[in-house]
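Working notes for the structure below.
There are 2 protein chains.
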Amino acid sequence: MTDKCNGCSSQANCSSEPEQCGVEVEATLVGSRNNIRNVIVVMSGKGGVGKSSVTGLIAASLARMGKKLGVMDADITGPSQPRAFGITGELGMKATDYGIIPPQADMGIKLISINFFLPHEDDPIVWRGPMLAGAVNQFWGEVDWGDLDYLIVDMPPGTGDVPLTVLQSLPVTGSVIVSSPQDLAIMVVKKAIKMAQKMNIPILGLVENMSYAICPKCDEKLEIFGKSQGAQVAKDTGIDFLGSLPWDTALNALIDQGKITAYESPEINKMVENIIRKIS
Amino acid sequence: MTDKCNGCSSQANCSSEPEQCGVEVEATLVGSRNNIRNVIVVMSGKGGVGKSSVTGLIAASLARMGKKLGVMDADITGPSQPRAFGITGELGMKATDYGIIPPQADMGIKLISINFFLPHEDDPIVWRGPMLAGAVNQFWGEVDWGDLDYLIVDMPPGTGDVPLTVLQSLPVTGSVIVSSPQDLAIMVVKKAIKMAQKMNIPILGLVENMSYAICPKCDEKLEIFGKSQGAQVAKDTGIDFLGSLPWDTALNALIDQGKITAYESPEINKMVENIIRKIS
Numbered sequence: 001m002t003d004k005c006n007g008c009s010s011q012a013n014c015s016s017e018p019e020q021c022g023v024e025v026e027a028t029l030v031g032s033r034n035n036i037r038n039v040i041v042v043m044s045g046k047g048g049v050g051k052s053s054v055t056g057l058i059a060a061s062l063a064r065m066g067k068k069l070g071v072m073d074a075d076i077t078g079p080s081q082p083r084a085f086g087i088t089g090e091l092g093m094k095a096t097d098y099g100i101i102p103p104q105a106d107m108g109i110k111l112i113s114i115n116f117f118l119p120h121e122d123d124p125i126v127w128r129g130p131m132l133a134g135a136v137n138q139f140w141g142e143v144d145w146g147d148l149d150y151l152i153v154d155m156p157p158g159t160g161d162v163p164l165t166v167l168q169s170l171p172v173t174g175s176v177i178v179s180s181p182q183d184l185a186i187m188v189v190k191k192a193i194k195m196a197q198k199m200n201i202p203i204l205g206l207v208e209n210m211s212y213a214i215c216p217k218c219d220e221k222l223e224i225f226g227k228s229q230g231a232q233v234a235k236d237t238g239i240d241f242l243g244s245l246p247w248d249t250a251l252n253a254l255i256d257q258g259k260i261t262a263y264e265s266p267e268i269n270k271m272v273e274n275i276i277r278k279i280s
Numbered sequence: 001m002t003d004k005c006n007g008c009s010s011q012a013n014c015s016s017e018p019e020q021c022g023v024e025v026e027a028t029l030v031g032s033r034n035n036i037r038n039v040i041v042v043m044s045g046k047g048g049v050g051k052s053s054v055t056g057l058i059a060a061s062l063a064r065m066g067k068k069l070g071v072m073d074a075d076i077t078g079p080s081q082p083r084a085f086g087i088t089g090e091l092g093m094k095a096t097d098y099g100i101i102p103p104q105a106d107m108g109i110k111l112i113s114i115n116f117f118l119p120h121e122d123d124p125i126v127w128r129g130p131m132l133a134g135a136v137n138q139f140w141g142e143v144d145w146g147d148l149d150y151l152i153v154d155m156p157p158g159t160g161d162v163p164l165t166v167l168q169s170l171p172v173t174g175s176v177i178v179s180s181p182q183d184l185a186i187m188v189v190k191k192a193i194k195m196a197q198k199m200n201i202p203i204l205g206l207v208e209n210m211s212y213a214i215c216p217k218c219d220e221k222l223e224i225f226g227k228s229q230g231a232q233v234a235k236d237t238g239i240d241f242l243g244s245l246p247w248d249t250a251l252n253a254l255i256d257q258g259k260i261t262a263y264e265s266p267e268i269n270k271m272v273e274n275i276i277r278k279i280s
């Protein structure tokens with residue numbers, strides 16, 4: 001065998017001399033245009049702390065700065081990004097020789113999610129690990145992302161197949177950990193931090209989400225999710241604290257309307273500037 | 001081969017006549033004392049909507065009625081039950097010939113969770129699907145549950161390996177679906193409902209958690225998680241509505257203190273009476 005045999009499907013059973021072979025092997029073009037400079041993974045371990053919101057907000061903030069953005073919804077069994085970015089309904093997904101064409105949201109943010117391939121958005125993906133991991137690998141290698149400054153990956157809860165595959169197979173620039181103030185949530189979040197540390201994935205820092213809520217009637221700042229302790233958790237686990245985000249009913253309403261890109265806040269922008277500084 | 005060969009480790013390569021065999025085969029005793037009359041699975045699809053709280057509250061309410069209870073924490077990568085029931089620290093787990101001895105919480109509630117086997121509660125379980133599913137099977141078959149009226153199973157988020165294994169391998173009496181009011185959560189919860197329906201698992205009904213919160217300052221009932229729509233979702237998906245639960249900071253404080261059994265509410269008791277009626 002020589003280099004000439006690479007990619008030939010008859011390679012294993014071929015008895016010809018490579019020099020005499022007349023078969024023209026066509027190189028695959030899938031993924032060949034992809035040039036993704038930074039991969040940022042948003043993880044938590046715990047479900048329901050707002051990984052998906054934080055993913056969408058980071059992406060929107062970066063796009064607003066003029067960066068080229070992609071969002072990979074790696075939560076295969078519980079995808080949120082299509083709703084948050086308002087890309088739902090019959091999409092008629094298409095592919096070119098370069099891979100699957102990712103739908104685009106506001107500001108040209110490219111998005112891929114398993115829900116784009118389902119007849120109904122509430123159809124379940126009842127798959128075991130290898131299939132789930134396979135989907136993530138396809139989202140990485142078989143999507144025509146093109147040129148991106150940042151790909152933000154929204155992880156599922158837990159530390160099982162999908163998080164493991166993302167951290168092992170993708171060239172992760174860094175991870176953002178999302179927590180909430182409840183002690184119970186923090187214990188599980190620490191599992192994700194330890195997982196990233198064990199796998200030598202750089203941790204960009206911790207975001208405490210749901211730090212407080214604002215009473216729509218009396219404007220009181222309510223610590224209904226528990227006493228904020230993000231800064232302390234970050235310190236205890238030896239990672240940086242990126243800041244706190246409130247539980248904002250306005251944000252949730254925008255997400256339910258598919259308009260996450262319309263939400264802006266100084267806290268998010270500060271957080272994102274911090275992230276950029278760390279990876280550049 | 002005859003019945004006499006059952007359980008003999010040499011079975012596959014044996015050339016003896018069963019009648020002449022002198023090997024005494026010892027029957028395994030693991031799991032042999034288990035007599036579990038009802039298995040109730042608490043699932044959602046979505047993370048962070050309160051599956052674990054609902055699991056613990058149902059178990060405590062049933063135990064208060066004098067029933068014999070067990071709780072299986074099937075959320076292997078994000079276990080919450082040890083904290084909620086206050087069973088943490090060095091446990092020195094032991095086993096008898098009948099299986100692993102499950103630690104007991106208040107009112108004799110037997111509990112099994114992966115965290116009982118970890119040196120530190122925040123150590124991550126970085127496992128792929130087959131290992132995760134294996135743990136669930138061990139929690140079922142290799143734990144000395146003894147005689148139980150109810151085993152309540154706390155499911156992880158998603159519709160992957162662990163939920164699939166629980167629904168396929170355990171003799172599930174019925175499932176309780178937990179949702180929260182956000183549209184986005186409901187879309188994912190519907191995936192879990194469809195999964196259970198596809199697998200012919202009886203659905204006992206839907207619980208809407210986080211229906212509202214109470215402002216600790218002005219006592220206003222706040223729909224900070226979105227407009228309550230549990231009854232409508234239940235109707236749309238053809239399942240029963242079991243009721244709404246508020247976001248109660250008192251409950252969360254009790255969970256963080258390991259005292260979930262100290263929390264009582266008429267809503268929970270009504271819900272549990274409803275469940276009992278459905279399965280008896």
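As they're listed, the protein sequences go chains A and B.
Each residue of the first sequence is one higher than the one before, starting from 1 at the first, in the working numbering.
Each residue of the second sequence is one higher than the one before, starting from 1 at the first, in the working numbering.
The beta-carbon is built from N, C-alpha and C at its ideal position, and this holds for glycine as well.
Next on the checklist: On the CB-based measure, 16 or more other CB atoms within 10 Å of its CB, does B:THR55 come out buried or exposed?
Outcome noted: Position 55 of the second sequence, counted from the start, is the residue given in the question as residue 55 of chain B. Residue burial is scored here from C-beta neighbours: B:THR55 has at least 16 other C-beta atoms within 10 angstroms and is therefore classed as buried.
Checklist entry - Taking Cβ to Cβ, would you say A:ASN269 is nearer than 8 Å to A:SER53? => result Residue mapping note: residue 269 of chain A aligns to position 269 of the first sequence, counting from 1. Residue mapping note: residue 53 of chain A aligns to position 53 of the first sequence, counting from 1. No; because the gap between Cβ atoms is not below 8 Å, this pair is not in contact.
Item to check | In DSSP terms, what B:PRO183 is bridged to | outcome: Residue mapping note: residue 183 of chain B aligns to position 183 of the second sequence, counting from 1. Note that residue 183 of chain B is Asp in the sequence shown, not Pro. For B:ASP183, which the question treats as bridged, DSSP gives no partner whatsoever.
Next on the checklist: Measuring only the C-alpha atoms, how far is B:LYS94 from B:VAL71?
Outcome noted: Indexing the second sequence from 1 puts residue 94 of chain B at position 94. Indexing the second sequence from 1 puts residue 71 of chain B at position 71. Cα-Cα distance, rounded: 18 Å.
Item to check | Amino acids of chain B, ordered along the chain, whose beta-carbon sits closer than 8 Å to that of A:ALA192 | outcome: Mapped onto the first sequence, residue 192 of chain A falls at position 192. Chain B residues near A:ALA192: PRO124.
Next on the checklist: Please give me, in chain order, every unbroken run of the alpha helix (DSSP H) with length at least 4 that falls completely inside the segment 171-259 of chain A.
Outcome noted: Within the segment 171-259 of chain A, the complete alpha helix (DSSP H) segments at least 4 residues long are 183-198, 230-236 and 249-256, listed from N- to C-terminus.
Checklist entry - Cα-Cα, which of A:GLN232, A:LEU242 and A:GLY129 is closest to A:ASP161? => result In the first sequence, counting from the first residue as 1, residue 161 of chain A sits at position 161. Nearest C-alpha to A:ASP161: A:GLY129.
Item to check | Beta-carbon proximity list for B:ALA59, same chain, < 6 Å, skipping 5 on both sides | outcome: Residue 59 of chain B sits at position 59 when you count from the first residue of the second sequence. The residues are LEU69, VAL71, ILE109 and ILE152.
Checklist entry - Does any residue of chain A bring its CB to less than 8 Å from the CB of B:ALA105? => result Position 105 of the second sequence, counting from 1, holds the residue named residue 105 of chain B. For B:ALA105, no CB of chain A lies under 8 Å from its own CB, so it is not counted at the interface with that chain.
Item to check | Own chain, CB closer than 6 Å to A:GLY146, minus 5 neighbours either side, in chain order | outcome: Counted from its first residue, the first sequence places residue 146 of chain A at position 146. Excluding positions up to five away in sequence, the list reads ARG33.
Item to check | When A:TYR98, A:PHE241, A:SER16 and A:GLY89 are compared against A:ALA27, the one with the closest alpha-carbon | outcome: The count along the first sequence starts at 1 and reaches residue 27 of chain A at position 27. For A:ALA27, the closest C-alpha among the options A:TYR98, A:PHE241, A:SER16 and A:GLY89 is that of A:TYR98.
Checklist entry - Does the ligand SAH have even one heavy atom less than 7 Å from the beta-carbon of A:VAL153? => result Although the ligand SAH was asked about, the structure shown includes no ligands whatsoever.
Checklist entry - Opposite A:ASN38 in the DSSP bridges: which residues? => result Translated into positions along the first sequence, residue 38 of chain A becomes position 38. DSSP, once it has assigned bridges, lists A:TYR150 as partnering A:ASN38.
Checklist entry - Nearest to A:ALA135 by CA position, among A:PRO124, A:SER113 and A:LEU148, is which residue? => result Position 135 of the first sequence holds residue 135 of chain A. The shortest CA-to-CA distance from A:ALA135 to any of A:PRO124, A:SER113 and A:LEU148 is the one to A:SER113.
Next on the checklist: Would you say A:PRO157 lies against chain B (beta-carbon separation less than 8 Å)?
Outcome noted: Here residue 157 of chain A refers to the residue found at position 157 when the first sequence is read from its first residue. Closer than 8 Å: yes.
Checklist entry - A:LEU57 and A:ILE260 look like a contact to me (Cβ under 8 Å); what is the Cβ gap, rounded to whole Å? => result For the purposes of this step, residue 57 of chain A is taken as the residue at position 57 of the first sequence. For the purposes of this step, residue 260 of chain A is taken as the residue at position 260 of the first sequence. That pair is a contact at about 7 Å.
Checklist entry - Smallest Cα separation from A:GLY47: which of A:ASP122, A:MET187 and A:GLN168? => result As a first step, residue 47 of chain A is located in the first sequence; it is residue number 47 there, counting from the start. It is A:MET187.
Item to check | Option in A:LEU184, A:GLU223, A:ILE203 and A:LYS198 with minimal Cα separation from A:SER285 | outcome: Because chain A is modelled from 1 through 280, residue 285 of chain A falls outside the range shown and cannot be assessed.
Next on the checklist: Taking the alpha carbon of B:SER228 as the reference point, which residue from B:ARG277, B:PHE241, B:GLN182 and B:GLU142 has its own alpha carbon closest?
Outcome noted: Walking along the second sequence from the start, residue 228 of chain B turns up at place 228. Here the closest residue by C-alpha is B:GLN182.
Checklist entry - Using the rule of at least 16 other Cβ atoms within 10 Å of the residue's Cβ for burial, across every protein chain shown, is A:ASP256 buried or exposed? => result Here the question's residue 256 of chain A lines up with position 256 in the first sequence. It counts as buried.
Checklist entry - Hey, does B:GLU121 have any beta-carbon neighbour from chain A nearer than 8 Å? => result Translated into the one-based positions of the second sequence, residue 121 of chain B becomes position 121. Closer than 8 Å: yes.
Checklist entry - When burial is assigned at 16 or more other CB atoms within 10 Å of the CB, is B:ASP75 buried or exposed? => result Sequence index remark: in the second sequence, residue 75 of chain B carries index 75 (1-based). Burial is judged here by how many other beta carbons sit within 10 angstroms of a residue's own beta carbon; B:ASP75 has at least 16 and is buried.
Next on the checklist: Looking only at its chain, what residues have a beta carbon closer than 8 Å to the beta carbon of B:LYS67, apart from the 5 residues adjacent to it on each side?
Outcome noted: Sequence index remark: in the second sequence, residue 67 of chain B carries index 67 (1-based). Once the five neighbours on either side are set aside, the close Cβ partners of B:LYS67 are ASP149 and TYR150.
Checklist entry - Three-state secondary structure (DSSP) at B:ILE100? => result As a first step, residue 100 of chain B must be located in the second sequence, where it is residue number 100. Secondary structure of B:ILE100 (DSSP, three-state): strand.
Item to check | chain A contact for B:ASN252 (CB, 8 Å cutoff) | outcome: Along the second sequence, read from residue 1 onward, the residue named residue 252 of chain B stands at position 252. It does: the Cβ of B:ASN252 has a partner Cβ on chain A nearer than 8 Å.
Item to check | Close Cβ partners of A:MET271 (< 6 Å) along its chain, the five nearest in sequence each way excluded | outcome: Looking up residue 271 of chain A in the first sequence gives position 271. Cβ neighbours of A:MET271 beyond the five flanking positions: LEU242 and GLY243.
Next on the checklist: Residues of chain A with CB closer than 7 Å to the CB of B:GLN182, please, in chain order.
Outcome noted: Numbered from 1 along the second sequence, position 182 holds the residue referred to as residue 182 of chain B. Result: ASN252 and ASP256.
Checklist entry - Which residues in chain A sit within 7 Å of B:CYS215, going by Cβ to Cβ distance? => result Residue numbering aside, residue 215 of chain B sits at position 215 when the second sequence is read from its first letter. Annotation: Cβ neighbours of B:CYS215 in chain A (cutoff 7 Å, chain order): CYS215, LYS217, CYS218, GLU220 and LEU222.
Checklist entry - Is there at least one Cβ from chain A nearer than 8 Å to B:TRP140's Cβ? => result Position 140 of the second sequence, counted from the start, is the residue given in the question as residue 140 of chain B. With respect to chain A, the C-beta atom of B:TRP140 has no partner C-beta closer than 8 Å.
Item to check | Helix, strand or coil at B:ALA133 [DSSP, three-state] | outcome: For the purposes of this step, residue 133 of chain B is taken as residue 133 along the second sequence, with counting starting at 1. Helix at B:ALA133.
Next on the checklist: Taking the alpha-carbon of A:VAL126 as reference, which of B:GLN20, B:THR173 and B:LEU164 has the nearest alpha-carbon?
Outcome noted: The residue given as residue 126 of chain A occupies position 126 in the first sequence. It is B:LEU164 whose Cα lies nearest to the Cα of A:VAL126.
Checklist entry - Should B:SER16 be labelled buried (16 or more other beta-carbon atoms within 10 Å of its own) or exposed? => result Position 16 of the second sequence, counted from the start, is the residue given in the question as residue 16 of chain B. Flag for B:SER16 reads exposed.
Checklist entry - Which stretch, first to last residue, makes up the alpha helix (DSSP H) that contains A:VAL54? => result Mapped onto the first sequence, residue 54 of chain A falls at position 54. That run of the alpha helix (DSSP H) goes 51-64.
Checklist entry - With DSSP run on the structure shown, which of helix, strand or coil describes B:VAL126? => result Taking the second sequence and counting its residues from 1, the one referred to as residue 126 of chain B is at position 126. Residue state for B:VAL126 is assigned as coil, using DSSP reduced to three classes.
Checklist entry - Can B:ALA192 and A:PRO124 be called in contact, C-beta distance under 8 Å? => result Taking the first residue of the second sequence as 1, we reach residue 192 of chain B at position 192. Taking the first residue of the first sequence as 1, we reach residue 124 of chain A at position 124. A contact, by the Cβ cut-off of 8 Å.
Item to check | Extent of the continuous beta strand (DSSP E) run through B:LYS110 | outcome: Residue mapping note: residue 110 of chain B aligns to position 110 of the second sequence, counting from 1. Note, B:LYS110: beta strand (DSSP E), 110-112.
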